[in-house]
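Peer 1: Let me give you the structure first, and then I'll get to my questions.
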Amino acid sequence: MTTAAPTRPTKDFAGRRQDVRRFVDEELIPREPILDRNDDSSAEAMAELKRLAKERGVWALGHPAAIGGGGLPFMDYVMINEIVGRSYWGTEALGTLSFQDCLMLLEFGTEAQRAKWVPLLFEGVTGPTIGMTEPEVAGSDPTLVQSTAVLDGDEWVINGHKWFTSGANKAMYTSVFVKTDPDAPKHQQFSLILVPTDTPGYRIERVVRTMGHYGGNHCEVRYDNVRVPAENLLGPRGGGFAVAQARLGPGRITHSMRWLGQAQRAFEIMCDRVQTRYAHGSVLAEKGEIQRYIAESAAQIQAARLMTLDAARRIDAGQDARVQISLIKFFGAQMLHDVIDRALQVHGAMGVTEDTPLERMYRDARYARIYDGPDEVHRMVVAKRLLRRDYRNEAPWSEIVR
């Protein structure tokens, strides 16, 4: 039997994790009602949280030490995200929001691009935003993207229509995915170009209202003859897919860990409720159906957690993890919905009010089955990859039984 060498958190990880847990539970969660307002008071509260996070040494723990971050090893950072995910606002308050984009710039950006944008991202002065999805074509198939960039002398001229460019209204630049080489092979036609949001012709049409609120800052953006210098190309020309996938792969791991944090918090809220709510002769915790809710939620959370850590382990060991990442994307999204749904159910009418965080958590959980690739695409990836390969030896559990 052969197995990959296990990768584990470092020895001092427990202390860091406890520091983050205290910050999230004692500083961040009590401020959530203010942050949810999405107004000037929210901005002030977030600025204070960022200051506290930096002061207490829990800011940007996964970012490389070379740019001022915590420099945590990958597995440590993966598990920190489980705590960050306990609050919707955790990524912004703890400086993890810019992790993927900082790494993308460090790996693919020019020296000038890194010098200009990485410090601003790291400090939280600007948020990251990427323009891929378009309303006219299916977002699940980025080869259909219609936005174009044409090289005119020493400038790119960009035209197109994007939406769900999340955070564009708070960002200083957008990494826009555009067709630059229409005659090249399908997956080599596209590039990423950095576009400052104050460039003439870059126009935010609206912040799209989703699930009853604007908190996601999902923006619809028009590019009308937007001109940026040729050196704003991020990575190689025609390499947009490679750059985007390098950004998305580890990001799906951290997404899934944050979903676990949300699910665990919902589980705790559910357990607290059922031990105090009395109906039909006993507290809810004594009723068989409620006990099923608790047991099934615990099983789903644990299964998703082990699957996610296994995918992270493979990435950390430099192994192919495409199947494992797709598995956790659709399984984790369903787990998140199911656990929050049960927690909401045991609260009855209160569960759909703003008196608990469950209503917000439930709405946000529905997005998980769409962004970073819809569930259907990830199921297709898993099935096709296993069926066209040696599924007896390439299944996720195969290395354990060989």
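Going letter by letter, the sequence shown gives residues 1 to 402 in UniProt numbering. Glycine is no exception: its CB is placed at the ideal position from the N, C-alpha and C atoms.
Can you grab the Cα-Cα spacing for the pair Thr254 / Ala304, in whole Å?
Peer 2: In the sequence shown, counting from the first residue as 1, residue 254 sits at position 254. In the sequence shown, counting from the first residue as 1, residue 304 sits at position 304. Distance between the alpha carbons of Thr254 and Ala304 is about 13 Å.
Peer 1: Taking the beta carbon of Ser87 as the centre, do at least 16 other beta carbons fall within 10 Å, making it buried, or is it exposed?
Peer 2: Here residue 87 refers to the residue found at position 87 of the sequence shown. It counts as buried.
Peer 1: Leaving out five residues before and five after Leu52 in sequence, what residues of the same chain have Cβ atoms less than 8 Å from its Cβ?
Peer 2: Taking the first residue of the sequence shown as 1, we reach residue 52 at position 52. Excluding its 5 nearest sequence neighbours in each direction, Leu52 has C-beta neighbours in its own chain below 8 Å: Phe23 and Glu27, listed in chain order.
Peer 1: Among the residues of its own chain, which have a CB less than 8 Å from the CB of Asp338, if the five just before and after it don't count?
Peer 2: Numbered from its first residue, the sequence shown carries residue 338 at position 338. Here the set comprises Glu296, Ser297 and Gln300.
Peer 1: Near Pro6, what residues of its chain come up, given a Cβ to Cβ distance below 8 Å and the 5 sequence neighbours on each side ignored?
Peer 2: In the sequence shown, counting from the first residue as 1, residue 6 sits at position 6. Only weak support exists for where Pro6 lies, its pLDDT of 39 falling under 50; the coordinates are left without a value.
Peer 1: Buried or exposed for Trp397, going by 16 or more other Cβ atoms inside 10 Å?
Peer 2: As a working mapping, residue 397 is identified with position 397 in the sequence shown. When all chains shown are included, Trp397 counts as exposed.
Peer 1: Going by alpha carbons, who is nearest to residue 437 out of Ile34, Arg17, Asp19 and Arg16?
Peer 2: Residue 437 is absent from the model: the chain starts at 1 and stops at 402.
Peer 1: Is the beta carbon of Ala149 sitting closer than 7 Å to the one on Ile204?
Peer 2: Your numbering for residue 149 matches position 149 in the sequence shown. Your numbering for residue 204 matches position 204 in the sequence shown. No, they are not a contact pair.
Peer 1: Between which two residues does the alpha helix (DSSP H) harbouring Gly215 extend?
Peer 2: The residue you call residue 215 lines up with position 215 of the sequence shown. Here Gly215 belongs to no alpha helix (DSSP H); instead the beta strand (DSSP E) covers His213 to Pro229.
Peer 1: Express the C-alpha separation of Gln334 and Gly215 in angstroms, rounding to a whole number.
Peer 2: Numbered from 1 along the sequence shown, position 215 holds the residue referred to as residue 215. Numbered from 1 along the sequence shown, position 334 holds the residue referred to as residue 334. Going by the C-alpha atoms only, they are around 22 Å apart.
Peer 1: For the beta strand (DSSP E) containing Ala149, name the first residue and the last one.
Peer 2: Taking the first residue of the sequence shown as 1, we reach residue 149 at position 149. Counting along the chain, the beta strand (DSSP E) containing Ala149 begins and ends at Thr148 to Asp152.
Peer 1: Between the segment 96-111 and the segment 270-278, are three or more C-beta pairs nearer than 8 Å?
Peer 2: The segment 96-111 is not in contact with the segment 270-278.
Peer 1: Any idea what DSSP makes of Arg360, helix, strand or coil?
Peer 2: As a first step, residue 360 is located in the sequence shown; it is residue number 360 there, counting from the start. Of the three classes helix, strand and coil, the one that applies to Arg360 here is helix, per DSSP.
Peer 1: Relative to the C-alpha of Lys50, which residue among Thr91, Val283 and His213 is closest?
Peer 2: Position 50 of the sequence shown, counting from 1, holds the residue named residue 50. Selected option, being the one with the closest Cα: Thr91.
Peer 1: Distance check for Asp224 and Arg385, CA to CA, integer angstroms please.
Peer 2: Against the sequence shown, residue 385 aligns to sequence position 385. Against the sequence shown, residue 224 aligns to sequence position 224. A straight-line Cα-Cα distance of about 40 Å links Arg385 and Asp224.
Peer 1: I need the DSSP call for Leu72, collapsed to helix, strand or coil.
Peer 2: Here the question's residue 72 lines up with position 72 in the sequence shown. Of the three classes helix, strand and coil, the one that applies to Leu72 here is coil, per DSSP.
Peer 1: Look up Thr308 in the DSSP assignment and say whether it is helix, strand or coil.
Peer 2: Here the question's residue 308 lines up with position 308 in the sequence shown. DSSP places Thr308 in helix when its eight states are reduced to three.
Peer 1: Return no unless some Cβ of chain B is closer than 7 Å to the Cβ of Ala168.
Peer 2: Note that chain B does not occur in the displayed structure, where there is just one protein chain.
Peer 1: Thr174 bridges to which residues according to DSSP?
Peer 2: Residue numbering aside, residue 174 sits at position 174 when the sequence shown is read from its first letter. According to DSSP, which records beta bridges pairwise, Thr174 is partnered with Val195.
Peer 1: Report buried or exposed for Asp154, applying the criterion of at least 16 other Cβ atoms within 10 angstroms of its Cβ.
Peer 2: Position 154 of the sequence shown, counted from the start, is the residue given in the question as residue 154. Classification for Asp154: exposed.
Peer 1: Mark His280 as exposed unless 16 or more other C-beta atoms lie within 10 angstroms of its C-beta, in which case mark it buried.
Peer 2: Against the sequence shown, residue 280 aligns to sequence position 280. Per the 10 Å Cβ criterion, exposed.
Peer 1: Just mark Glu220 as buried or exposed, buried being the case when its beta carbon has 16 or more other beta carbons within 10 Å.
Peer 2: Your numbering for residue 220 matches position 220 in the sequence shown. Glu220 comes out buried.
Peer 1: Under three-state DSSP, which class holds Ser41?
Peer 2: As a working mapping, residue 41 is identified with position 41 in the sequence shown. Note: Ser41 maps to helix in three-state DSSP.
Peer 1: Over the uninterrupted alpha helix (DSSP H) stretch that includes Gly377, give me the two end residues.
Peer 2: Residue numbering aside, residue 377 sits at position 377 when the sequence shown is read from its first letter. Note that residue 377 is Val in the sequence shown here, rather than Gly. Secondary structure note for Val377: its alpha helix (DSSP H) is the uninterrupted segment Asp375 to Arg388.
Peer 1: Leaving aside the five residues before and after Phe241 along the sequence, list all residues of the same chain whose C-beta is less than 7 Å from its C-beta, in chain order.
Peer 2: The residue labelled residue 241 in the question sits at position 241 within the sequence shown. Contacts found: His187 and Phe190.
Peer 1: Mark Thr126 as exposed unless 16 or more other C-beta atoms lie within 10 angstroms of its C-beta, in which case mark it buried.
Peer 2: Translated into the one-based positions of the sequence shown, residue 126 becomes position 126. Thr126 is buried by the Cβ-count criterion.
Peer 1: State the Cα-Cα distance for the pair Leu59 and Gly71, rounded to the nearest angstrom.
Peer 2: Within the sequence shown, residue 59 is the residue found at index 59, counting from 1. Within the sequence shown, residue 71 is the residue found at index 71, counting from 1. According to the sequence displayed, residue 59 carries Trp and not Leu. Rounded to the nearest angstrom, the two C-alpha atoms are 11 Å apart.
Peer 1: DSSP three-state label for Thr353, please.
Peer 2: Looking up residue 353 in the sequence shown gives position 353. Coil.
Peer 1: Among the candidates Tyr293, Ala365 and Pro250, whose CA atom is the shortest distance from the CA of Gln319?
Peer 2: In the sequence shown, counting from the first residue as 1, residue 319 sits at position 319. Residue Pro250 is the option with its Cα nearest to Gln319.
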